[in-house]
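Protein chains: 2
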Amino acid sequence: MDFRVLMQERKTLIDKALDYYLPREEEYPQEIHRAMRYSVFAGGKRIRPLLTLLTAEIFTPEWKRALPAACSLELIHTYSLIHDDLPAMDDDEYRRGRLTSHKVFGEGMAILAGDALLTLAFELLTDNNKGPSEFDSVYWQEVPPQTKLDVIFEIAGAAGVRGMIGGQVVDLASEGKKIDEQTLEYIEVHKTGALFKAAVRTGALLAQADKDSLRRLTVYSSLLGRAFQIVDDLLDVEGSEAKMGKARGADAKKEKATMVSLCGLAEAKSRRDQLYSQSIQELEYYGGKADQLKKITRFLLYRDY
Amino acid sequence: MDFRVLMQERKTLIDKALDYYLPREEEYPQEIHRAMRYSVFAGGKRIRPLLTLLTAEIFTPEWKRALPAACSLELIHTYSLIHDDLPAMDDDEYRRGRLTSHKVFGEGMAILAGDALLTLAFELLTDNNKGPSEFDSVYWQEVPPQTKLDVIFEIAGAAGVRGMIGGQVVDLASEGKKIDEQTLEYIEVHKTGALFKAAVRTGALLAQADKDSLRRLTVYSSLLGRAFQIVDDLLDVEGSEAKMGKARGADAKKEKATMVSLCGLAEAKSRRDQLYSQSIQELEYYGGKADQLKKITRFLLYRDY
Numbered sequence: 001m002d003f004r005v006l007m008q009e010r011k012t013l014i015d016k017a018l019d020y021y022l023p024r025e026e027e028y029p030q031e032i033h034r035a036m037r038y039s040v041f042a043g044g045k046r047i048r049p050l051l052t053l054l055t056a057e058i059f060t061p062e063w064k065r066a067l068p069a070a071c072s073l074e075l076i077h078t079y080s081l082i083h084d085d086l087p088a089m090d091d092d093e094y095r096r097g098r099l100t101s102h103k104v105f106g107e108g109m110a111i112l113a114g115d116a117l118l119t120l121a122f123e124l125l126t127d128n129n130k131g132p133s134e135f136d137s138v139y140w141q142e143v144p145p146q147t148k149l150d151v152i153f154e155i156a157g158a159a160g161v162r163g164m165i166g167g168q169v170v171d172l173a174s175e176g177k178k179i180d181e182q183t184l185e186y187i188e189v190h191k192t193g194a195l196f197k198a199a200v201r202t203g204a205l206l207a208q209a210d211k212d213s214l215r216r217l218t219v220y221s222s223l224l225g226r227a228f229q230i231v232d233d234l235l236d237v238e239g240s241e242a243k244m245g246k247a248r249g250a251d252a253k254k255e256k257a258t259m260v261s262l263c264g265l266a267e268a269k270s271r272r273d274q275l276y277s278q279s280i281q282e283l284e285y286y287g288g289k290a291d292q293l294k295k296i297t298r299f300l301l302y303r304d305y
Numbered sequence: 001m002d003f004r005v006l007m008q009e010r011k012t013l014i015d016k017a018l019d020y021y022l023p024r025e026e027e028y029p030q031e032i033h034r035a036m037r038y039s040v041f042a043g044g045k046r047i048r049p050l051l052t053l054l055t056a057e058i059f060t061p062e063w064k065r066a067l068p069a070a071c072s073l074e075l076i077h078t079y080s081l082i083h084d085d086l087p088a089m090d091d092d093e094y095r096r097g098r099l100t101s102h103k104v105f106g107e108g109m110a111i112l113a114g115d116a117l118l119t120l121a122f123e124l125l126t127d128n129n130k131g132p133s134e135f136d137s138v139y140w141q142e143v144p145p146q147t148k149l150d151v152i153f154e155i156a157g158a159a160g161v162r163g164m165i166g167g168q169v170v171d172l173a174s175e176g177k178k179i180d181e182q183t184l185e186y187i188e189v190h191k192t193g194a195l196f197k198a199a200v201r202t203g204a205l206l207a208q209a210d211k212d213s214l215r216r217l218t219v220y221s222s223l224l225g226r227a228f229q230i231v232d233d234l235l236d237v238e239g240s241e242a243k244m245g246k247a248r249g250a251d252a253k254k255e256k257a258t259m260v261s262l263c264g265l266a267e268a269k270s271r272r273d274q275l276y277s278q279s280i281q282e283l284e285y286y287g288g289k290a291d292q293l294k295k296i297t298r299f300l301l302y303r304d305y
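Written as structure tokens, this is what we have:
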């Protein structure tokens with residue numbers, strides 16, 4: 001199947017599943033449910049859940065069982081954006097061309113919406129009570145309980161203080177300071193890389209991949225995570241403003257250290273290229289079965305938005 | 001064993017376990033670990049974990065297996081206090097006589113410390129990798145995986161938007177408004193009651209209590225939760241300032257609706273008494289085995305701090 005068509009199909013499935021897991025807007029107290037949905041359906045590219053599904057697809061035709069975990073990662077990613085945008089953090093008024101959560105719902109509600117999404121991420125991974133549906137019990141109930149626990153541990157670890165939050169802490173502490181390459185790498189590996197790694201490993205765990213594969217895909221996802229962050233930095237200098245829905249130059253304006261500001265544009269691109277070919281190398285073992293994962297890797301690292 | 005001595009012993013055990021689960025202060029990035037520990041070790045009474053342990057103790061001498069879940073609830077309670085105290089929420093500078101997290105570490109770090117504690121609560125419930133210790137694998141590894149998943153579901157549900165966060169949302173939305181008794185009850189049942197109920201039910205689940213017991217203890221904990229909130233309101237009018245470590249009258253100052261302001265002091269006390277005897281009634285079935293749980297119920301509802 002054509003890559004773009006497949007991506008669109010998977011993305012539609014992820015969006016439907018997210019809609020299914022999130023509380024209805026009509027439900028009391030409505031304000032928080034509106035806030036949760038506002039940010040989850042704000043035009044995200046669903047990169048993390050796509051990585052989970054495409055990784056599982058290498059190993060099993062029953063990749064849909066990875067859908068709850070894929071969505072859990074997207075909820076966690078969304079909560080982190082809401083909290084990152086707060087005045088006490090990055091203080092951003094716009095994201096993807098729309099007002100940020102605290103600008104629409106107020107700071108208190110934005111904090112609570114983030115808290116709620118993080119909590120829901122774990123609730124949905126342990127929910128066996130819902131009726132049969134395309135999005136949960138049919139597939140999720142087949143997953144052995146210990147595998148579910150392994151997945152929750154993977155996700156909680158990646159989201160926590162030794163993962164994403166750790167990166168955010170160092171990022172926050174570095175504001176307005178000159179930082180060295182080592183600190184920058186810590187931020188990138190943790191703030192972005194940890195969730196990428198968890199996305200890929202979660203797909204592998206749910207497909208019952210063996211230890212060798214887990215090791216291989218851990219390497220792949222670490223390389224991808226680092227390259228992805230460099231591309232993010234490149235886009236802030238060179239990206240398409242129309243497609244990104246935001247102005248370039250935000251990092252420079254905030255005097256934020258990035259791989260580009262530390263090493264220059266050419267060096268950053270060369271590192272991106274190198275990380276790309278190293279990451280693809282790890283997937284060669286799976287031959288054609290990893291074709292879609294290779295394609296999304298290329299797409300993520302050579303996009304212009 | 002004397003009730004106060006037993007409480008102190010259990011509390012010491014809970015504190016040791018919390019210390020074990022939390023990242024060391026020396027670990028990089030230190031600031032967030034300091035912030036997490038500052039709030040967890042701020043003199044909390046450990047009510048929720050005590051309820052979990054004492055409930056498990058009705059059913060099994062192996063009640064220590066409930067320790068990770070008990071601590072998980074305390075981490076979630078602590079995160080909720082940190083976020084509640086933020087300027088965008090209740091805007092409190094002091095709690096238990098000490099500066100609140102954002103006053104010491106700044107708003108951004110306080111938000112992240114809360115996020116980190118919430119995430120850690122789920123990480124520790126799925127962690128099988130740690131070496132043998134009094135606080136985890138010896139007991140926790142004996143728990144069947146599906147029971148662990150049930151416990152996580154219970155806790156996530158209680159902490160989420162249909163539980164604690166829902167209560168906080170309505171509380172935030174009611175600020176400065178006249179609210180009716182129904183809304184006040186919604187806030188109390190959700191903001192405080194949900195975690196109390198989860199604490200008790202979690203202890204029962206981990207002790208493999210049967211459905212009848214779960215039903216009975218659900219009723220007990222709902223009654224306790226409601227009474228506890230009334231006592232909190234009473235203390236704000238009548239409590240010992242020295243013992244509470246804070247001034248009375250905070251609710252009145254914030255024009256916060258409470259059971260006392262809505263119904264008067266006498267009626268609030270009479271409701272507390274009624275809820276107390278109803279809750280104890282539910283424990284009679286267990287005879288002497290529930291003695292300690294009865295005693296903590298009495299202690300919680302007739303304290304002066």
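Chains as they are written, first to last, in my numbering: chain A, 1 to 305; chain B, 1 to 305. Each residue gets a CB set at the ideal place from its N, CA and C atoms; glycine is no exception. Quantities reported herein were computed from a predicted structural model and do not represent experimental measurements.
Practice item. State yes or no: is the beta carbon of glutamate 255 of chain B nearer than 8 angstroms to at least one beta carbon in chain A? Key: Reading the second sequence from its first residue, position 255 is the one you call residue 255 of chain B. Closer than 8 angstroms: no.
Practice item. Write down every uninterrupted run of the alpha helix (DSSP H) in the segment 89-119 of chain B whose length is 4 residues or greater and which is fully enclosed by it, in chain order. Key: If you keep only unbroken alpha helix (DSSP H) runs of at least 4 residues inside the segment 89-119 of chain B, you get 101-105.
Review point. So, is the C-beta of valine 143 of chain A closer than 8 angstroms to a C-beta in chain B?
Key: Walking along the first sequence from the start, residue 143 of chain A turns up at place 143. In terms of beta-carbon proximity, valine 143 of chain A stays away from the interface with chain B, with every pair separated by 8 angstroms or more.
Point to revise | Proximity test, Cβ basis, 8 angstroms: lysine 211 of chain B and chain A | key: Sequence index remark: in the second sequence, residue 211 of chain B carries index 211 (1-based). Under the Cβ criterion of 8 angstroms, lysine 211 of chain B is not counted among the residues facing chain A.
Exercise for review: Measure the beta-carbon distance from arginine 65 of chain A to tyrosine 186 of chain A and round it to whole angstroms, keeping in mind my assumption that it falls under 8 angstroms.
Suggested key: Position 65 of the first sequence, counted from the start, is the residue given in the question as residue 65 of chain A. Position 186 of the first sequence, counted from the start, is the residue given in the question as residue 186 of chain A. Not a contact, Cβ separation roughly 34 angstroms.
Review point. Any contact of the segment 6-13 of chain B with the segment 282-301 of chain A, i.e. 3+ C-beta pairs under 8 angstroms?
Key: Output reads no: the segment 282-301 of chain A does not touch the segment 6-13 of chain B.
Practice item. Label glutamate 154 of chain A either buried or exposed according to how many other C-beta atoms from any shown protein chain fall within 10 Å of its C-beta, with 16 as the threshold for buried. Key: Within the first sequence, numbered from 1, the residue matching residue 154 of chain A stands at position 154. So glutamate 154 of chain A ends up on the buried side.
Review point. Between the Cα of threonine 60 of chain B and the Cα atoms of B:Lys45, B:Ala35, B:Gly97, B:Val143, which residue gives the shortest distance?
Key: In the second sequence, the residue the question calls residue 60 of chain B occupies position 60. The shortest Cα separation from threonine 60 of chain B among B:Lys45, B:Ala35, B:Gly97, B:Val143 belongs to B:Val143.
**Study point:** Proximity below 8 angstroms, CB of lysine 225 of chain B to CB of lysine 254 of chain B
**Key:** Here the question's residue 225 of chain B lines up with position 225 in the second sequence. Here the question's residue 254 of chain B lines up with position 254 in the second sequence. The amino acid occupying residue 225 of chain B in the given sequence is glycine; lysine does not appear at that position. No, Cβ-Cβ distance for glycine 225 of chain B and lysine 254 of chain B is not below 8 angstroms.
Check your understanding: Nearest chain A C-beta to alanine 42 of chain B closer than 8 angstroms, yes or no?
Key -> Along the second sequence, one-based indexing puts residue 42 of chain B at 42. For alanine 42 of chain B, no Cβ of chain A is located within less than 8 angstroms of the residue's own Cβ.
Point to revise | Near-chain B residues of the segment 58-85 of chain A - C-beta to any C-beta below 7 angstroms | key: Those residues of the segment 58-85 of chain A placed with their C-beta closer than 7 angstroms to a C-beta in chain B are His83, ordered along the chain.
Practice item. Run the CB neighbour count on glycine 249 of chain B, radius 10 Å, all protein chains shown included, and call it buried at 16 or more, exposed below. Key: Reading the second sequence from its first residue, position 249 is the one you call residue 249 of chain B. Exposed, since its Cβ has fewer than 16 Cβ neighbours within 10 Å.
Exercise for review: With 8 angstroms as the threshold, decide whether the Cβ of leucine 172 of chain B is near any Cβ in chain A.
Suggested key: Stepping through the second sequence from its first residue, residue 172 of chain B is reached at position 172. Chain A, which has a Cβ nearer than 8 angstroms to the Cβ of leucine 172 of chain B, makes this yes.
**Study point:** Chain-order list of residues whose beta-carbon lies under 8 angstroms from that of arginine 272 of chain A (same chain, five-residue window excluded)
**Key:** Within the first sequence, residue 272 of chain A is the residue found at index 272, counting from 1. Scanning its chain for C-beta atoms nearer than 8 angstroms, with the 5 sequence neighbours on each side dropped, one finds around arginine 272 of chain A the residues Ala227, Ile230, Val231, Leu234, Leu301, in chain order.
**Study point:** Minimum Cβ-Cβ distance from alanine 242 of chain B to chain A less than 8 angstroms
**Key:** Indexing the second sequence from 1 puts residue 242 of chain B at position 242. So, not an interface residue.
Check your understanding: isoleucine 32 of chain A CB to nearest chain B CB: under 8 angstroms?
Key -> Along the first sequence, read from residue 1 onward, the residue named residue 32 of chain A stands at position 32. Cβ-Cβ to chain B under 8 angstroms: yes for isoleucine 32 of chain A.
Review point. What residue from A:Cys263, A:Thr202, A:Ala209 has the CA that sits closest to serine 72 of chain A's CA?
Key: Position 72 of the first sequence, counted from the first residue, corresponds to residue 72 of chain A. Residue A:Thr202 is the option with its Cα nearest to serine 72 of chain A.
Point to revise | alpha helix (DSSP H) segment containing alanine 17 of chain A, residue limits | key: Reading the first sequence from its first residue, position 17 is the one you call residue 17 of chain A. Its alpha helix (DSSP H) spans residues 3-21.
Exercise for review: Starting from the Cα of arginine 207 of chain A, find the closest Cα among A:Glu57, A:Thr258, A:Thr183, A:Ser221 and give me that residue.
Suggested key: Here residue 207 of chain A corresponds to residue number 207 of the first sequence, with the count starting at 1. Position check: residue 207 of chain A holds alanine in this sequence, whereas arginine was assumed. Per the Cα distances, A:Glu57.
**Study point:** Other residues of its chain near glutamate 93 of chain B: CB distance less than 7 angstroms, five sequence neighbours each side excluded
**Key:** By 1-based counting over the second sequence, the position of residue 93 of chain B is 93. Only residues of its own chain outside the window of five on either side were considered, and among them Leu99, Thr100, Lys103 have a CB closer than 7 angstroms to the CB of glutamate 93 of chain B, listed in chain order.
**Study point:** Local Cβ density within 10 Å of glutamine 182 of chain A, reported as buried at 16 or more and exposed below that
**Key:** As a position in the first sequence, residue 182 of chain A is number 182, starting the count at 1. Exposed is the label assigned to glutamine 182 of chain A, since fewer than 16 other Cβ atoms lie within 10 Å of its Cβ.
Exercise for review: Using a Cβ cut-off of 8 angstroms (strictly closer), state whether glycine 157 of chain A contacts chain B.
Suggested key: For the purposes of this step, residue 157 of chain A is taken as residue 157 along the first sequence, with counting starting at 1. Cβ-Cβ to chain B under 8 angstroms: yes for glycine 157 of chain A.
Review point. Hey, how far is the Cα of glutamate 31 of chain A from the Cα of leucine 117 of chain A?
Key: Locating residue 31 of chain A in the first sequence gives position 31, counting from the first residue. Locating residue 117 of chain A in the first sequence gives position 117, counting from the first residue. It is roughly 14 angstroms from the alpha-carbon of glutamate 31 of chain A to the alpha-carbon of leucine 117 of chain A.
Exercise for review: Since I believe leucine 53 of chain A is in contact with alanine 70 of chain A (beta carbons under 8 angstroms), could you give me their beta-carbon distance rounded to a whole number of angstroms?
Suggested key: Along the first sequence, one-based indexing puts residue 70 of chain A at 70. Along the first sequence, one-based indexing puts residue 53 of chain A at 53. With a Cβ gap of about 6 angstroms, alanine 70 of chain A and leucine 53 of chain A count as contacting.
**Study point:** Residue environment, glutamate 188 of chain B, which counts as buried when at least 16 other CB atoms sit within 10 Å
**Key:** On the second sequence, residue 188 of chain B is found 188 positions in, with the first residue counted as 1. Buried.
Review point. In chain order, what residues of the same chain lie with their CB nearer than 6 angstroms to the CB of alanine 110 of chain B, ignoring the 5 residues before and after it?
Key: Walking along the second sequence from the start, residue 110 of chain B turns up at place 110. Only residues of its own chain outside the window of five on either side were considered, and among them Ile82, Ser101, His102 have a CB closer than 6 angstroms to the CB of alanine 110 of chain B, listed in chain order.
Point to revise | Close-in-space but distant-in-sequence residues of the same chain around leucine 125 of chain A (CB under 7 angstroms, 5 per side omitted) | key: The count along the first sequence starts at 1 and reaches residue 125 of chain A at position 125. So the list reads Pro68, Ala69, Ser72, Lys148, Val151, Ile152, once near-sequence residues are dropped.
Review point. Which residues in the same chain have their Cβ closer than 7 angstroms to the Cβ of threonine 12 of chain B, if we skip the five residues on either side of it in sequence?
Key: Position 12 of the second sequence holds residue 12 of chain B. Taking C-beta separations shorter than 7 angstroms and ignoring five residues to either side along the sequence, threonine 12 of chain B has no partners in its chain.
Exercise for review: Consult DSSP for serine 137 of chain B and reduce its assignment to one of helix, strand or coil.
Suggested key: As a first step, residue 137 of chain B is located in the second sequence; it is residue number 137 there, counting from the start. Only weak support exists for where serine 137 of chain B lies, its pLDDT of 47 falling under 50; the coordinates are left without a value.
Practice item. Step through the CB atoms of chain E and report whether any lies within less than 8 angstroms of the CB of glycine 176 of chain B. Key: The structure shown has no chain E; the protein chains it does contain are A and B.
Check your understanding: Taking methionine 306 of chain B as the reference, which of B:Gly106, B:Gln168, B:Ile165 has the closest Cα?
Key -> The question about residue 306 of chain B has no answer here: the residues shown for chain B are numbered 1 through 305.
Review point. DSSP three-state call for glutamate 62 of chain A: helix, strand or coil?
Key: Counting from one through the first sequence, the residue named residue 62 of chain A turns up at place 62. Looking at glutamate 62 of chain A - three-state DSSP - the assignment turns out to be coil, as it is neither helix nor strand.
**Study point:** glutamate 181 of chain B, enclosing alpha helix (DSSP H) - first and last residue
**Key:** The residue labelled residue 181 of chain B in the question sits at position 181 within the second sequence. From DSSP, the alpha helix (DSSP H) with glutamate 181 of chain B extends over 181-188.
Review point. For aspartate 212 of chain A, does the count of other Cβ atoms within 10 angstroms reach 16, so buried, or fall short, so exposed?
Key: If you number the first sequence from 1, residue 212 of chain A lands on position 212. Exposed is the call here.
Exercise for review: List the residues of chain B that valine 169 of chain A touches, going by C-beta distances under 8 angstroms, in chain order.
Suggested key: Stepping through the first sequence from its first residue, residue 169 of chain A is reached at position 169. Residues of chain B whose Cβ lies closer than 8 angstroms to the Cβ of valine 169 of chain A are, in chain order, Pro29, Glu31, Ile32, Met109, Leu112.
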